[in-house]
Each structure stands twice: as C-alpha cells, then as structure tokens.
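So the mapping is simple: the numbering used here equals the position in the sequence shown, first residue as 1, plus 444.
We put the CB at the ideal spot given by N, CA and C, even for glycine.
Only a predicted model underlies this, so the values are computations on that prediction, with no experimental measurement involved.
Take a look at the structure below.
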Amino acid sequence: MTKYDSRILGRRQGIAPIALLLLGLITAPLGGALFLASSASAEGTTIQVYKTPTCGCCSQWIDHLQAAGFKVEATDMPDLTALKAMNGVPNGMTSCHTAMVEGYVIEGHVPASDISRLLAERPKVAGLAVPGMPMGSPGMEHPDPSRHEAYEVLAFGVTTGAAPGGVKVFSSHTP
C-alpha cells in the first residue's frame, strides 16, 4: 500500500467510516478506494468537486465536465488545504479545486477527456493533476487563444512505470 492509498480513505486524519460512506467511498481489496458505481464513459458518471465559493474558474471547469456528460456534485468549502493533503495531492501539484471520481483524485483543470481515459484505462495511480492554473486549460480559457499555453496532465501516486508514489505525464496539451 502506498502512502496515497491511506490518505485517499482519510485513515490518517481519523475520518469516521460513516463520513467515507457519505462520500461514496468503499475500501478496495488492495487497500485503495473505489466509488460504488463504475463506468468507463463520462455519461452519467458522478464527479464530486470541492471548491471555494468565490472561484469563477472552478465553475467554468464544472460547466466543461457537464458538457462532456459528467454529473457534477459541487461542495463549497472555505479552505481545501486539508482535503488536498488528506487525499495525497503532492505539494507543488495543487490548484484551485479538487474532485473525486470512482476512487481517483482529480486536482485542478484536468480535461474531461483525460478523466474519461483514466476511468476507461484504470491505471494504478492515486489521481491526475494539472498544477497551477494554465491559461487555456478547461475553465481557464482566454478570449485571445494566442495567450493559451501548453500544459501537462500528471498522474500521481503512480505504482507502475515510475517509483512507487511517483509522478508521470499522463497527457500533454498544446494550444
């Protein structure tokens, strides 16, 4: 079990089992976490998004997910720092919102197409992240496309193809 597995379930922070059920998580046989429902396509898949109440780009990212067929349940929180730490989001890979989908952590402006690929392929990772807020990523579009920048979607908590708990590039996006 990696250090991310126990953080996904919040065991180190003492979250009661009932709280885990409320989040829709169950313990997987190998010590990970899974959502109760599983699907390889976005259509109808529920993604739980945690964000601050005043963040406009978070709302735009939610619109992007809904347009791709995800069902979004958003929860406003005044501070996401503990949630990010509890779910193993590495330092330096944080962004403005954190989401959970079928046992994976999604940090920042990850494109819906990458989330769908993650759910279809089911790699042994804790989640995906787009560190920071790159201009041109979903929810961070600018009216002037020349201001959009290339960015990478990183898989973290990797258990194969990298050092355990490591990070590797999941996908690259160019303007």
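Can you tell me where the beta strand (DSSP E) holding residue i begins and where it ends?
i, result
"aspartate 558", "First-last for aspartate 558: 556 to 565, but that is the alpha helix (DSSP H), not the beta strand (DSSP E)."
"leucine 524", "Here leucine 524 belongs to no beta strand (DSSP E), and DSSP marks it neither H nor E."
"phenylalanine 614", "610 to 617"
Roughly how far, in whole angstroms, is the beta-carbon of residue i from the beta-carbon of residue j, given that I think they are within contact range, below 8 Å?
i, j, result
"valine 611", "proline 555", "In fact, because the Cβ distance is near 18 Å, the residues do not count as touching under 8 Å."
"proline 578", "methionine 584", "6 Å"
"isoleucine 550", "glycine 571", "6 Å"
"valine 493", "histidine 541", "6 Å"
Whole angstroms are fine: how far does the CA of residue j sit from the CA of residue i?
i, j, result
"phenylalanine 514", "alanine 529", "25 Å"
"phenylalanine 614", "valine 545", "17 Å"
"proline 567", "aspartate 520", "29 Å"
"proline 619", "aspartate 558", "16 Å"
"glycine 500", "alanine 573", "19 Å"
"leucine 524", "threonine 498", "13 Å"
"threonine 471", "asparagine 531", "Bear in mind that the predicted position of threonine 471 carries a pLDDT of just 29, short of 50, making it too unreliable to give a figure here."
Pick helix, strand or coil for residue i, following the three-state DSSP scheme.
i, result
"glycine 580", "coil"
"methionine 530", "helix"
"aspartate 507", "helix"
"isoleucine 459", "Any reading at isoleucine 459 needs caution, since the residue's pLDDT is 33, under 50, leaving its predicted position unreliable; the model's value is listed next. In this structure, isoleucine 459 counts as coil in the three-state DSSP scheme."
"valine 571", "Checking the sequence, you will find glycine at residue 571 rather than valine. Residue state, collapsed to three classes: strand."
"glycine 500", "helix"
The ligand NAP and residue i: does any heavy atom of the ligand fall closer than 7 Å to the residue's C-beta?
i, result
"leucine 509", "Ligands in the displayed structure: none, and consequently the ligand NAP is not present."
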